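Structure first, then comments.
Residue numbers (this note's numbering): -18 to 141.
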């Protein structure tokens, strides 16, 4: 019975995390942005977009390939590229723990696939929030407070 309740529990956690993120990351109204124009930069380099000040984005070296199995056959493959948002100065820690991190992320992706998470309209916001939440939870088990989030930078599904 507990195994049947796990997907529902994970869905509720994902919805709560997505709702919380929506409230926290809600854009300012246009008139508030006009009062505080961006400060000019002295150099001509394009600033790197970051979700949070004091964070760094760490791109994981290889893509993740997830087979979608039905009736003991691989019907499709999902290929993802992931990046980790970490607090500033902790990039080396992410790379040091990358083998363990990749292992838990891959298991979370397999679990998501086995629950049907990559079927149908798998890129809908709600489905992606559930996936990001699950990936963030397992990454936090490995990296602790160093992790701020998991970014899905590329995703593709190929039916075979």
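A virtual CB, placed ideally from N, CA and C, is assigned to each residue, including glycine. Remember, predicted model here, so these are calculated numbers, not experimental data.
Return the first residue and the last residue of the alpha helix (DSSP H) that residue i is part of.
| i | result |
| --- | --- |
| residue 135 | From DSSP, residue 135 is part of no alpha helix (DSSP H) but of the beta strand (DSSP E) over 128 to 140. |
| residue 102 | From DSSP, residue 102 is part of no alpha helix (DSSP H); its letter is neither H nor E. |
| residue 82 | 79 to 95 |
Would you give the residue range spanned by the beta strand (DSSP E) that residue i belongs to?
| i | result |
| --- | --- |
| residue 54 | 54 to 68 |
| residue 112 | Residue 112 -> not in any beta strand (DSSP E); alpha helix (DSSP H) instead, spanning 106 to 124. |
For residue i, which residues does DSSP report across the bridge?
| i | result |
| --- | --- |
| residue 49 | 57 |
| residue 38 | 66 |
Can you tell me the Cβ-Cβ gap for residue i and residue j, rounded? I've got them flagged as a contact below 8 Å.
| i | j | result |
| --- | --- | --- |
| residue 94 | residue 49 | 6 Å |
| residue 120 | residue 133 | Rounded, the Cβ-Cβ distance is 12 Å, inconsistent with contact. |
Segment contact, 8 Å Cβ cut-off, at least three pairs: the segment 36 to 52 with the segment 87 to 96
In short, these stretches touch, since the Cβ pair count reaches three.
Do three or more CB pairs link the segment 65 to 75 to the segment 94 to 102 at distances below 8 Å?
No: fewer than three Cβ pairs fall under 8 Å.
Quick test of the definition: if touching needs 3 or more C-beta pairs under 8 Å, does the segment 56 to 63 touch the segment 121 to 130?
Judged by Cβ distances under 8 Å, the segment 56 to 63 makes no contact with the segment 121 to 130, as fewer than three pairs qualify.
State whether the segment 101 to 116 contacts the segment 72 to 81, with contact taken as three or more CB pairs (one from each stretch) at a distance under 8 Å.
no
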